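Numbering (my numbering), first residue to last: 974 to 1244.
Reviewing the structure listed below.
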Amino acid sequence: MTLARDTSAFATAVQPVAADTVILTPADGLVAGLVQIATPTGDLPAYRAAPDRPGPHPVVLVIQEIFGVHEHIRDVARRLAHLGYLAVAPELYFRQGDAARAPSIERLREDIVAKVPDVQVLADLDATLAWATAQGGDADRVAVTGFCWGGRITWLYAAHQPAVKTGVAWYGRLTGPTSELAPRHPLDVAATLKAPVLGLYGGQDTGIPLAHVEQLQAALAQAGSPSKIHVYPDAPHAFFADYRPSYRAEAAADGWQRLQRWLAGHGVGPR
974 MTLARDTSAF ATAVQPVAAD TVILTPADGL VAGLVQIATP TGDLPAYRAA PDRPGPHPVV
1034 LVIQEIFGVH EHIRDVARRL AHLGYLAVAP ELYFRQGDAA RAPSIERLRE DIVAKVPDVQ
1094 VLADLDATLA WATAQGGDAD RVAVTGFCWG GRITWLYAAH QPAVKTGVAW YGRLTGPTSE
1154 LAPRHPLDVA ATLKAPVLGL YGGQDTGIPL AHVEQLQAAL AQAGSPSKIH VYPDAPHAFF
1214 ADYRPSYRAE AAADGWQRLQ RWLAGHGVGP R
């Protein structure tokens, strides 16, 4: 019931929905649901999922796709919680509007997403991290992962927040025009990352050229960064999004295993 409601809210942007591939992760054994996180400019809505047992649990901040914190992103949080993580997915442009009510992806981009300042996003992630560590999260085991719009933010947050030990960025934009609201992109922060990031990209992604991926790889190598990029040659953009036709089960499963190994290998694994 919840899945049908949430996918229909942005169906005009993603049709046809590949309903037979949608992964549904139960909340059994978890503490899961909506929470409110206090910030200086209003309460930040978020979805939290964590093991229903005493912590401290390692923390993963889950950064939404362009479509917001819909059921797929909530499901990702539950998958992480079943692995032993306290996962929190904040609604990072709630001040600008409700992504679920956008009539088309064009209106979503122009009316909401284009008005979201990076500085606001980073501050809200800081508030989310503080909330998570106050709710049983382990401040010494913090990671971030994000998809599409959130993939770009994952790189930026790894350059911003020293408490983050590592990150996994799924097909996030790497470079492009800058503005007052978006002054830097991942390519601009490759040399100032405070934590290693694993980037997962599709070789057939028409929005993120392989040339941009190669530029980032070169910048990371020049900076001596331990960050790594893995490209799935035949995968398109959003290959992990099981509710969309772009979903590629093999690449998604491999990426999920890589995420787990990467987090554990950088000290952010469950104990």
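The beta-carbon is built from N, C-alpha and C at its ideal position, and this holds for glycine as well.
Given the structure is predicted, the values throughout are model-derived calculations rather than measurements.
Legend entry - Nearest to ALA1075 (by Cα), restricted to the options THR1139, ILE1046, GLY1041 and PRO999: As a first step, residue 1075 must be located in the sequence shown, where it is residue number 102. The residue with the shortest Cα to Cα distance from ALA1075 is GLY1041.
Inset, instruction - Run the CB neighbour count on VAL1092, radius 10 Å, all protein chains shown included, and call it buried at 16 or more, exposed below. - result: Taking the sequence shown and counting its residues from 1, the one referred to as residue 1092 is at position 119. Flag for VAL1092 reads exposed.
Legend entry - Beta-carbon proximity of ILE1036 to ILE1126, cut-off 8 Å: Here residue 1036 corresponds to residue number 63 of the sequence shown, with the count starting at 1. Here residue 1126 corresponds to residue number 153 of the sequence shown, with the count starting at 1. A contact, by the Cβ cut-off of 8 Å.
Inset, instruction - Output yes or no for whether 8 Å exceeds the beta carbon distance between ASP1071 and LEU1017. - result: As a first step, residue 1071 must be located in the sequence shown, where it is residue number 98. As a first step, residue 1017 must be located in the sequence shown, where it is residue number 44. No, Cβ-Cβ distance for ASP1071 and LEU1017 is not below 8 Å.
Legend entry - At least 3 beta-carbon pairs within less than 8 Å: the segment 1138 to 1154 vs the segment 1200 to 1219: yes
Legend entry - Sufficient close CB pairs (3 or more, under 8 Å) joining the segment 1172 to 1182 to the segment 1108 to 1115: no
Inset, instruction - Please classify SER981: is it buried, with 16 or more other beta-carbons within 10 angstroms of its beta-carbon, or exposed? - result: Along the sequence shown, one-based indexing puts residue 981 at 8. Reliability fails at SER981, whose pLDDT of 43 lies under 50, so the model's placement of it is uncertain and no value is given.
Inset, instruction - Please state whether DSSP places GLY1033 in a helix, a strand or coil. - result: For the purposes of this step, residue 1033 is taken as residue 60 along the sequence shown, with counting starting at 1. The sequence given here has Val at residue 1033, not Gly. Reduced to three states, the DSSP call for VAL1033 is strand.
Inset, instruction - Output the distance between the C-alpha atoms of ARG978 and HIS1239, rounded to the nearest integer angstrom. - result: For this step, residue 978 is matched to residue 5 along the sequence shown. For this step, residue 1239 is matched to residue 266 along the sequence shown. Confidence is the limiting factor: at ARG978 the pLDDT is only 36, short of 50, which leaves the residue's position unreliable and the question unanswerable from this model.
Inset, instruction - Starting from GLY1228, trace the alpha helix (DSSP H) both ways and give me its first and last residue. - result: Your numbering for residue 1228 matches position 255 in the sequence shown. Segment 1222 to 1238, the alpha helix (DSSP H) holding GLY1228.
Legend entry - Beta-ladder partner(s) of ARG1021, from DSSP: Here residue 1021 refers to the residue found at position 48 of the sequence shown. According to DSSP, which records beta bridges pairwise, ARG1021 is partnered with GLY1006 and VAL1061.
Inset, instruction - Closer than 6 Å by C-beta to PRO1135: which residues in its own chain qualify, once you throw out the five before and the five after it? Chain order, please. - result: Looking up residue 1135 in the sequence shown gives position 162. Closer than 6 Å at Cβ, skipping near neighbours: LYS1167.
Legend entry - Segment contact flag, the segment 1202 to 1217 with the segment 999 to 1017, C-beta cutoff 8 Å, min 3 pairs: no
Legend entry - As assigned by DSSP and simplified to three states, the class of ARG1114: Translated into positions along the sequence shown, residue 1114 becomes position 141. It is a strand residue.
Inset, instruction - Out of ALA1163, LEU1171 and PRO1159, state which residue places its alpha-carbon closest to the alpha-carbon of ALA1237. - result: On the sequence shown, position 264 is the one that residue 1237 refers to. Measuring from the Cα of ALA1237, the nearest candidate turns out to be LEU1171.
Legend entry - Range of the contiguous beta strand (DSSP E) that encloses TYR1205: Locating residue 1205 in the sequence shown gives position 232, where the first residue counts as 1. Note, TYR1205: beta strand (DSSP E), 1201 to 1205.
Legend entry - Residues near THR1101 in its chain [Cβ-Cβ closer than 8 Å; skip 5 each side]: As a first step, residue 1101 is located in the sequence shown; it is residue number 128 there, counting from the start. Excluding sequence neighbours, THR1101 sits near ILE1010, LEU1017, ALA1019, LEU1034, VAL1061 and PRO1063.
Inset, instruction - Please go through the same chain and pick out, in chain order, the residues whose beta-carbon is closer than 7 Å to the beta-carbon of PRO1029, but skip the five residues on each side of it. - result: In the sequence shown, counting from the first residue as 1, residue 1029 sits at position 56. Same-chain partners within the cutoff: GLY1109, GLY1110 and ASP1111.
Legend entry - Own chain, CB closer than 7 Å to ALA1054, minus 5 neighbours either side, in chain order: Taking the sequence shown and counting its residues from 1, the one referred to as residue 1054 is at position 81. Closer than 7 Å at Cβ, skipping near neighbours: LEU1003, ALA1005, ALA1022, ALA1023, PRO1024 and ALA1060.
Legend entry - Where the beta strand (DSSP E) containing THR1139 begins and where it ends: As a first step, residue 1139 is located in the sequence shown; it is residue number 166 there, counting from the start. Residues 1139 to 1143.
Inset, instruction - Return the CA-CA distance between GLY1123 and TYR1066, expressed in angstroms with no decimal places. - result: Taking the first residue of the sequence shown as 1, we reach residue 1123 at position 150. Taking the first residue of the sequence shown as 1, we reach residue 1066 at position 93. Whole-angstrom Cα-Cα distance: 12 Å.
Inset, instruction - With DSSP collapsed to three states, give me the class of LEU1147. - result: Within the sequence shown, residue 1147 is the residue found at index 174, counting from 1. Looking at LEU1147 - three-state DSSP - the assignment turns out to be coil, as it is neither helix nor strand.
Inset, instruction - Find out if the Cβ-Cβ distance for the pair TYR1174, VAL1162 is shorter than 8 Å. - result: Translated into positions along the sequence shown, residue 1174 becomes position 201. Translated into positions along the sequence shown, residue 1162 becomes position 189. No. Outside cutoff.
Inset, instruction - Report yes if the CB atom of LEU1160 is closer than 8 Å to the CB atom of THR1148, and no otherwise. - result: Numbered from 1 along the sequence shown, position 187 holds the residue referred to as residue 1160. Numbered from 1 along the sequence shown, position 175 holds the residue referred to as residue 1148. Yes.
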